[in-house]
Amino acid sequence: MFIEQAYKGKNDLWRVIVTTLVSTGIFIVNFIGYLLISDEEIEKTYELMRTLPKWLSLTVNLIPFVFLLGLLFLLVRFIHERSILSLSTSRKSFDFKRFGFSLGLIVFITLLTFGISYYYDNSMIQWNFNPVKFTVLLIISLLLFPFQIGLEEYLFRGYLMQQIGIMARNRWTPLIITSVVFGIMHSANPEVAEMGYGVMVFYIGTGFLLGVMTLMDEGMELALGFHLGNNLMAALLITSDFSALQTDAVFKYTSETNPSNALIEMILSMAIMYPIILFIFAKRYKWHDWKDKLTGKVTEPETATNYKMYE
71 MFIEQAYKGK NDLWRVIVTT LVSTGIFIVN FIGYLLISDE EIEKTYELMR TLPKWLSLTV
131 NLIPFVFLLG LLFLLVRFIH ERSILSLSTS RKSFDFKRFG FSLGLIVFIT LLTFGISYYY
191 DNSMIQWNFN PVKFTVLLII SLLLFPFQIG LEEYLFRGYL MQQIGIMARN RWTPLIITSV
251 VFGIMHSANP EVAEMGYGVM VFYIGTGFLL GVMTLMDEGM ELALGFHLGN NLMAALLITS
311 DFSALQTDAV FKYTSETNPS NALIEMILSM AIMYPIILFI FAKRYKWHDW KDKLTGKVTE
371 PETATNYKMY E
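In this note's numbering, the protein residues as written are 71 to 381.
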């Protein structure tokens, strides 16, 4: 069982507090800063980032995740004294086939839905492809996005999901808390300032989807693949003036944002596509016992104290 993997290490309260504060520090500071500074100061910050070359702005935004993910791994390994595999999955080894299938599925769905939308109405989308700039973007994306999504997944769907789970002794509490916190930690994104807090429905809903994947599949492989595919498509396929990360994508969205329309589109996207994605995974990986896996109790295995000698 995935949440019970936390019992393979030491879970004293001080260890949890230290790891959580250090790992979430960048998100907490970002969120507090967003609450304290004025809208004018926020806009000036966004404008400053827009003056940088897009490849440099993307790199500056993603580089910190390399160090933070490494720091989280070190804290789990040496503070909690357990393996990174136990943070990743309940399987004997990381399932790269699951990861690859999930990544491929979201890329396919994104390209398919974009293609259909572009075919019927491309009036607000312009061709933005520059071979040199796109190649640079592709290299940076493939090198750095795995660290960015890795930190978010290993922190929220991995570490916090497991630690909250063994504290609450159930599965629904960590699912709800990590989904909501995941959404809140994205509240400083430019999309929120541009489209309003309605966009938070998308972030929290996506966090919930990733959490369901993790609990039902007893591992993070599907969530990692989905998150990476989603972010790669967001960076490579289409950009806009209000995107969190400005990129030299293939296309650019040129229309001004209507908050109401954007919110409706996001709700429809989640209401239609997310259940379809879960249905595909459920059929492929033969998921069952949904109620127990999403809301059931978490109990310490009798062999928990002997876990370390077998790792």
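All C-beta atoms in this analysis are idealised placements derived from N, C-alpha and C, irrespective of residue type, glycine included.
Between L230 and P244, the gap from beta carbon to beta carbon is short of 8 Å. When the Cα atoms are used, I347 and L307 turn out to be separated by approximately 20 Å. Linking N300 to H256 through their CA atoms gives a straight-line distance of about 15 Å. Annotation for A305: L128, L207, S211, F215, L315, T317, A319 place their beta carbon closer than 8 Å to its own, counting only its chain and skipping 5 residues before and after. With contacts defined by Cβ atoms closer than 8 Å, K322 and N198 form a contacting pair. With distances taken between CA atoms, D359 lies nearest to R241 out of R241, L302, Y273.
With respect to the 8 Å criterion, S93 and L225 are classified as neighbours on the basis of their beta carbons. Here V177 has G299, M303 as same chain residues with Cβ atoms under 7 Å from its own Cβ, once five neighbours each way along the sequence are excluded. When the Cα atoms are used, F272 and M237 turn out to be separated by approximately 28 Å. The C-beta of S156 has 16 or more other C-beta atoms within 10 Å across all chains shown, which makes the residue buried. Counting C-beta pairs closer than 8 Å gives fewer than three between the segment 82-96 and the segment 275-290, which falls short of the contact rule.
Around the CB of K78, 16 or more other CB atoms lie within 10 Å, so the residue is classed as buried.
Counting every other CB atom within 10 Å of its CB across the protein chains shown gives R239 a total below 16, marking it as exposed. For V136, same chain residues with a beta-carbon under 6 Å away, outside a window of 5 residues either side, are F217 in chain order.
The Cβ neighbour count for S187, taken over all protein chains shown within 10 Å, is under 16; the residue is labelled exposed. Between the beta-carbon of H297 and that of E222 there is about 7 Å, and that keeps the pair under the 8 Å contact cut.
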